[in-house]
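Visitor:
Residue numbers (our numbering): 2 to 233.
1) Over what stretch of residues does the alpha helix (DSSP H) that includes residue 111 continue unbroken?
2) How about residue 192 and residue 36: are their beta carbons less than 8 Å apart?
3) Could you please give me the residues that DSSP links to residue 193 through a beta bridge?
4) So, at 8 Å on beta carbons, what are the nonlocal neighbours of residue 214 in its own chain, with the 5 sequence-adjacent residues on each side left out?
5) Span of the alpha helix (DSSP H) holding residue 56?
6) Which of helix, strand or coil does DSSP assign to residue 130?
7) For residue 174, which option in 53, 27, 48, 212 has the closest C-alpha, if you only look at C-alpha atoms?
8) Are residue 129 and residue 78 closer than 8 Å when you measure CB to CB?
9) Round the Cβ separation of residue 141 and residue 90 to the nearest angstrom and send it over; I've been treating them as touching at under 8 Å.
10) Would you check if the stretch 100-115 and the stretch 53-73 touch, i.e. whether three or more CB-CB distances between them fall below 8 Å?
11) Could you give the distance in angstroms between the alpha-carbon of residue 66 and the alpha-carbon of residue 179?
12) Can you give the Cα-Cα distance for residue 143 and residue 93, rounded to whole angstroms?
13) How long is the line joining the alpha carbons of residue 165 and residue 186, rounded to whole angstroms?
14) By Cβ distance, which residues of its chain are closer than 8 Å to residue 112, with the 5 residues on each side in sequence left out?
15) Which same chain residues end up closer than 7 Å to residue 199 when comparing Cβ atoms and leaving out the 5 residues on each side of it in sequence?
16) If you check the beta carbons only, do residue 195 and residue 163 fall under 8 Å apart?
17) Name, in chain order, the residues that DSSP records as bridge partners for residue 203.
18) By the 10 Å Cβ neighbour count, where 16 or more other Cβ atoms means buried, how is residue 34 classified, buried or exposed?
19) Mark residue 1 as exposed unless 16 or more other C-beta atoms lie within 10 angstroms of its C-beta, in which case mark it buried.
20) What residues in its chain sit with their C-beta under 7 Å from that of residue 1, if we drop five residues either side in the sequence?
21) Would you say residue 122 and residue 134 are within 8 Å of each other, going by their C-beta atoms?
22) Whole angstroms are fine: how far does the CA of residue 106 sit from the CA of residue 59?
23) In terms of residues, what are the limits of the alpha helix (DSSP H) holding residue 172?
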């Protein structure tokens, strides 16, 4: 239910923007580079928001003072960076789903998406914690291979595993089952909102063509890093 609500809310906002602003510009995500930047920014946003919001609510009025403690700052940094590849894996599969539903099965295979995953993982520069990006990249591509061999999942199915991981990473948490479910539901809600934004941003046909062209030219490795719009 929460997933449906998030996606519906984001679509209502998009309709409202069109109504207020008239015709919107065409989808801007038409290349592997643009897609990598988009996914990296959205993944950082979800990783950051889902970790900070719960801890802020749990700390209450003590949040500002607690966040001055170096130990908590380091724990929050570790949580966000560890969550980032997991969230990115969700968004990579969502992109695969969008391409498949638009009829571009070849472009949705792991090999054309490999440069995007590599660039997105490294978009924010050197991780602030020890993080094996090559292992994370391999895990995401393996997930895309499995997902590509099965029917596309409903977007509302995303977020449970990632929410579980994020909750276990949080430095301020309780053992209450309800709190774990709160974090999982928040992650699912955020991911559904991201999916709606991806639908708005991605131009499937030119993106698919560019992905296949990049795969043929063996374009690999990260792009030049741009400043993150939603930094970790």
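Ideal Cβ positions, reconstructed from N, Cα and C, are used throughout, including at glycine.
Guide: So, from the data block:
1) In the chain shown, the residue the question calls residue 111 occupies position 110. 111-123 is the span of the alpha helix (DSSP H), which, as asked, contains residue 111.
2) If you number the chain shown from 1, residue 192 lands on position 191. If you number the chain shown from 1, residue 36 lands on position 35. Not a contact, by the Cβ cut-off of 8 Å.
3) Counting from one through the chain shown, the residue named residue 193 turns up at place 192. In DSSP, residue 193 forms no bridge with anything.
4) What you label residue 214 is simply residue 213 of the chain shown in a count that begins at 1. Hits under 8 Å: none found.
5) Translated into the one-based positions of the chain shown, residue 56 becomes position 55. Boundaries of the alpha helix (DSSP H) around residue 56: 33-60.
6) In the chain shown, residue 130 corresponds to position 129, counting from 1. DSSP places residue 130 in coil when its eight states are reduced to three.
7) As a working mapping, residue 174 is identified with position 173 in the chain shown. The candidate whose alpha carbon is nearest that of residue 174 is 53.
8) For the purposes of this step, residue 129 is taken as residue 128 along the chain shown, with counting starting at 1. For the purposes of this step, residue 78 is taken as residue 77 along the chain shown, with counting starting at 1. Closer than 8 Å, so yes.
9) Sequence index remark: in the chain shown, residue 141 carries index 140 (1-based). Sequence index remark: in the chain shown, residue 90 carries index 89 (1-based). Confirmed, about 5 Å.
10) no
11) Position 65 of the chain shown holds residue 66. Position 178 of the chain shown holds residue 179. One C-alpha to the other measures close to 26 Å.
12) Along the chain shown, one-based indexing puts residue 143 at 142. Along the chain shown, one-based indexing puts residue 93 at 92. Roughly 11 Å separates the two Cα atoms.
13) Here residue 165 refers to the residue found at position 164 of the chain shown. Here residue 186 refers to the residue found at position 185 of the chain shown. Cα to Cα, the separation comes out at about 10 Å.
14) In the chain shown, the residue the question calls residue 112 occupies position 111. Cβ neighbours of residue 112 beyond the five flanking positions: 216.
15) Start at 1 with the first residue of the chain shown, and residue 199 comes out as number 198. Correct list, in chain order: 95, 96, 99.
16) One-based indexing of the chain shown puts residue 195 at position 194. One-based indexing of the chain shown puts residue 163 at position 162. No, the pair does not count as a contact, with Cβ atoms beyond the cut-off.
17) For this step, residue 203 is matched to residue 202 along the chain shown. BP columns for residue 203 point to 30.
18) As a working note, residue 34 is residue 33 in the chain shown. So residue 34 ends up on the buried side.
19) Within the shown structure, residues of the chain are numbered from 2 to 233, placing residue 1 beyond reach of any answer.
20) Since the first residue of the chain shown is 2 and the last is 233, residue 1 is not available in this structure.
21) By 1-based counting over the chain shown, the position of residue 122 is 121. By 1-based counting over the chain shown, the position of residue 134 is 133. Yes, they are a contact pair.
22) Taking the first residue of the chain shown as 1, we reach residue 59 at position 58. Taking the first residue of the chain shown as 1, we reach residue 106 at position 105. When only Cα atoms are considered, residue 59 and residue 106 end up about 44 Å apart.
23) One-based indexing of the chain shown puts residue 172 at position 171. Looking at the DSSP string, residue 172 is not in any alpha helix (DSSP H), and its letter there is neither H nor E.
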